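For the record, the sequence lines run as chains A and B. In terms of the working numbering, the first sequence opens at residue 3 and continues consecutively. In terms of the working numbering, the second sequence opens at residue 2 and continues consecutively. Cβ coordinates follow ideal geometry from the N, Cα and C atoms, glycine included. Here the structure is a predicted model, which means the values were calculated and not measured.
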Amino acid sequence: MSELAAQLLTPWHRSASASVGLYFYFIRLAFLKFLAYRVRYYTGVVSYTIFVTGHYYVYSALFASAVAESATGQLGGLSLPEMITYVAISWIGRSFYFNAIARDLARMVQEGEIAVMLIKPFHVQTVMMFEAIGESAFRLLMFTLPIMVVIVPLFHIQSAPDPMIYLWTFVSFCLALVIYSQLNFMLGCLAFAMKNIQGVLRAKMVSMDFLTGVVVPFTFFPEWFQVVMSYLPFQYISYVPVTIYLGKRQGAELQEALLVQLAWAVGLFLLGRLVWRVSVRNVIVQGG
Amino acid sequence: MSDSLIQVRGLTRDYRLTKKREGVTGGLVDLVRPRREILRAVNDVSFEIPTGEMVGYIGANGAGKSTTLKMLTGILTPTSGEVTVGGLVPWEQRLQYTRHIGAVFGQRTQLWWDLAVVESFRLLQKIYEVEESVYKRQMETFHELLDIGDFLHQPVRKLSLGQRMRCDLAAALLHGPRVLFLDEPTIGLDVVAKENVREFLREIRDRDKVTIILTTHDLADIEQLCKRVIIIDKGQVHFDGDLEDLRVRVGQKVRLTVDLRESVASEVLAETTTGLPVRWETAEGNRHHAEFNRSEVAGGEVIKSLVNGVHVKDLHMAEQPIEEVVRDIYRQQKEPSA
Ligand SMILES: Nc1ncnc2c1ncn2[C@@H]1O[C@H](COP(=O)(O)OP(=O)(O)OP(=O)(O)O)[C@@H](O)[C@H]1O
Ligand SMILES: [Mg+2]
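#1: Name, going along the chain, the residues of the segment 97-121 of chain A whose beta-carbon falls closer than 9 angstroms to a beta-carbon of chain B.
#2: At the level of alpha carbons, what is the spacing between S4 (chain A) and G82 (chain B)?
#3: Just to confirm, does L73 (chain B) get its C-beta within under 7 angstroms of one of the non-hydrogen atoms of ligand 1?
#4: Using CA coordinates, which residue listed in A:L34, A:W93, A:S183 is at the minimum distance from W113 (chain B)?
#5: To which residues of the same chain is R22 (chain B) closer than 8 angstroms at the C-beta, ignoring the five residues directly before and after it?
#6: Run through chain B and tell me which residues come within less than 8 angstroms of L31 (chain A), C-beta to C-beta.
#7: Less than 8 angstroms between the CB atoms is what I'm expecting for L58 (chain A) and L248 (chain A), so what's the real figure, rounded?
#8: Cutting at 8 angstroms between CB atoms, please list the residues of its own chain near Q155 (chain B), excluding the five before and the five after it.
#9: Taking 8 angstroms as the CB-CB cut-off, is L24 (chain A) touching chain B?
#10: Where in the segment 208-257 of chain B do unbroken runs of the alpha helix (DSSP H), each at least 4 residues long, occur, reported from the N-terminal end onward?
#11: Would you please state the rounded distance, in angstroms, between the beta carbons of V279 (chain B) and A266 (chain B)? I believe it to be under 8 angstroms.
#12: I want to verify the contact list: residues of chain B whose CB lies under 7 angstroms from the CB of W14 (chain A), in sequence order.
#13: Using the beta-carbon count (16 or more within 10 Å), is R204 (chain A) buried or exposed?
#14: Going by CA-CA distance only, name the one from B:Y136, B:L277, B:E196 that's closest to G163 (chain B).
#15: So, for G300 (chain B): in the same chain, excluding its five sequence neighbours on each side, which residues have a beta-carbon less than 7 angstroms away from its beta-carbon?
#16: Excluding the 5 residues preceding and the 5 following T146 (chain A) in the sequence, name in chain order all residues of the same chain whose CB lies nearer than 7 angstroms to its CB.
#17: Just curious, the alpha helix (DSSP H) that F28 (chain A) is in, first and last residue?
#18: Can you pull the chain A residues whose beta carbon is under 8 angstroms from the beta carbon of T69 (chain B), in chain order?
#19: Going along the chain, which residues of its own chain have a beta-carbon closer than 7 angstroms to the beta-carbon of G274 (chain A), five neighbours each way excluded?
#20: When the Cα atoms are used, what is the spatial distance from L37 (chain A) to G215 (chain A)?
#21: When burial is assigned at 16 or more other CB atoms within 10 Å of the CB, is P83 (chain A) buried or exposed?
#22: Do we get a CB-CB distance below 8 angstroms when we pair A20 (chain A) with the residues of chain B?
#23: Which residue comes first and which comes last in the beta strand (DSSP E) that contains D15 (chain B)?
#24: Taking the alpha-carbon positions, what's the M144 (chain A) to A134 (chain A) distance?
#25: Starting from the C-beta of A193 (chain A), find all residues in its chain whose C-beta is less than 7 angstroms away, skip the five residues before and the five after it, and write them out in chain order.
#26: Hey, is T80 (chain B)'s beta-carbon within less than 8 angstroms of any beta-carbon in chain A?
#27: Is it true that the CB of A172 (chain B) sits closer than 8 angstroms to the CB of F122 (chain B)?
#28: Under the DSSP definition of a beta bridge, which residues are partnered with W281 (chain B)?
#29: Of all the CB atoms in chain A, is at least one closer than 8 angstroms to the CB of D246 (chain B)?
#30: Check the Cβ of T124 (chain A) against every Cβ in chain B and list those closer than 9 angstroms, keeping chain order.
#31: The alpha helix (DSSP H) spanning I149 (chain A) covers which residue range?
#32: Under the rule that 16 or more other beta-carbon atoms within 10 Å means buried, what is Q257 (chain A), buried or exposed?
#33: Is the CB-CB distance between F236 (chain A) and V129 (chain A) below 8 angstroms?
#34: To the nearest whole angstrom, what separates the beta carbons of L77 (chain B) and R14 (chain B), a pair I think is in contact under 8 angstroms?
#35: From which residue to which residue does the alpha helix (DSSP H) around S306 (chain B) run?
#36: Can you look up Y1 (chain B) in the DSSP assignment and give me helix, strand or coil?
Here it is as structure tokens:
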């Protein structure tokens, strides 16, 4: 082997601290990138408020007609004020964890941009997750907070049963962000195998908010449905954090919910890495 | 086994295509029974490149250049064949490997589209763990050779093609890669920008001994930069050797365009070059075309006898375009007697 050939073989590993530095840098960059497009989010505040308003009237009407027949004044285990709070917190949470990784990844694959990611010595999956975190940090400041300022007083949203719950709800939504981003990432990986995943993305658009519990709380559904959902990760994106906020999970139950959520986050991240490995092996980069 | 830095053996890549039938019924038939076809984009390609060499990898559109480069950079897994660069297999040890290489795909940028150029460089510094002192030194070189200082603080999407390309080149070299893959690095550039890029590549080749593979459709790039060329056509290597040898093999065809002051009969014009191996073609008004081969007659001689015989207003000499060179090579292979 010539001298330079040997030199190329030099093992190279990024130190743990350098990795942290690098991936945090992606958070910063994503934040800056979205800041450049912040105007787009002002209209978002309006549309989220409209969603919540719509739900408010639907549930108010529902309670008015149904509650008369029940003695508890509850529907699906929730009172009307709880119900409204459920809806509002769901949407507030969604405004935080939401991202479009699947669409972005699919676009990069379809237009061949993925090539320039693949010639860089980093894990594309990790980069995309940290970019999603940066995006959510931006969303928290520029989107979630404004929405809270509008919605909370407007619909008399209940406060959490004790101050620590605010913290746990936030932690839970952060884990939700990881879970959501990894599901999205794996969905985007489908673009490596399929020519066109627009249909899949649209199906995801309509089903995701339903599966996570944003649209309707799970307690409205039959027992078997709730059992099935308890084995899937979707409820950890919205239903679980929101019920934590409502004080439906306390003490050991709260701990368990957060731990299972953490396990899902880690597990899906590892699964995502596997899916990526397999996908990249049959990558066909377009163009050039 | 040889000790060349880049070793490619029997590299082959197939693409699977689904051929669409025409019309509505055709579309319906496609749903039931899709017509699949396999396209061999790269076919049994082998070559070796020693450290520090700069090689031109050329061929017509669709010849398989980009596909080869994608495999060499580890983006694409080959159908069969082997590649090692410095002992690493690009698509298997991607994370290790990409640390040591740089690549420019002329068609697309690797800078972050929404960010100022300098932000991209700072990010690359982090990605490749380039020390601050090295970063400063590299940036100085880039300022000097590529003159990128003026638009460092503009977002990439606002740069012109030439500006962007210069930034992309700098970005590919920031971490001091040992190997550089360039897929059409001069595409769409004006004469001045092309010259800048070539000058820069010459500099890094001579100074840093970077091993470079370059694809291009501009023969001038090759002439000015590469001693060695590899010609690929329909996925197969048709020539691998010195540029000079190539010239000898295909000859050096030159196309001459002459504008005359007054109309002159073709025969009269042809007479001026009697005795010289020049082939005149039909004229368009006062514009005449001729072809000759530099290996048979010097351009100066042709022009001298021409100017002596008729009133020449203007003239233009053009090298045979690269596609034609490739076609000639291909033809020669088909007719071994030639
Ligand atoms: N993603 C793809 N799917 C199917 N066929 C492809 C794909 N990419 C390239 N091809 C085909 O493979 C062949 C080689 O393409 P390639 O891009 O390597 O050519 P090239 O030499 O780079 O051409 P150009 O000079 O036009 O850039 C072409 O016939 C092309 O149509
Ligand atoms: Mg190409």
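Short version:
#1: E113, G114, E115, I116, A117, V118, M119, L120, I121
#2: With a pLDDT of 47 at S4 (chain A), under the threshold of 50, the modelled position of this residue cannot be trusted; read the value that follows with caution. Looking at the two C-alpha atoms, the distance is approximately 23 angstroms.
#3: no
#4: A:L34
#5: G28, V30, D31, R36
#6: W113, L116, E120, L124
#7: Before going on, a small fix: residue 58 (chain A) reads as Tyr here, not Leu. Their Cβ separation, rounded to whole angstroms, is 16 angstroms, which puts Y58 (chain A) and L248 (chain A) out of contact at 8 angstroms.
#8: A117, V118
#9: yes
#10: 220-226, 244-251
#11: Not really, about 16 angstroms apart at Cβ, beyond 8 angstroms.
#12: Q97, R100
#13: exposed
#14: B:E196
#15: V255, M318
#16: I94, S97, F98
#17: 18-38
#18: Ordered by position in chain A, no residue passes the 8 angstroms Cβ test against T69 (chain B), which lies about 11 angstroms from the chain.
#19: Q127, Q184, F187, M188
#20: 29 angstroms
#21: exposed
#22: yes
#23: 7-20
#24: 15 angstroms
#25: L107, A108, V111, Q112, I199
#26: no
#27: yes
#28: B:A291
#29: no
#30: Strictly speaking, residue 124 (chain A) in this sequence is Phe, with Thr absent from that position. Near F124 (chain A) (Cβ distances below 9 angstroms), the residues of chain B are L96, T99, I128.
#31: 147-156
#32: exposed
#33: no
#34: 7 angstroms
#35: 300-310
#36: Residue coverage of chain B in this structure runs from 2 to 339, which leaves residue 1 (chain B) outside it and unanswerable.
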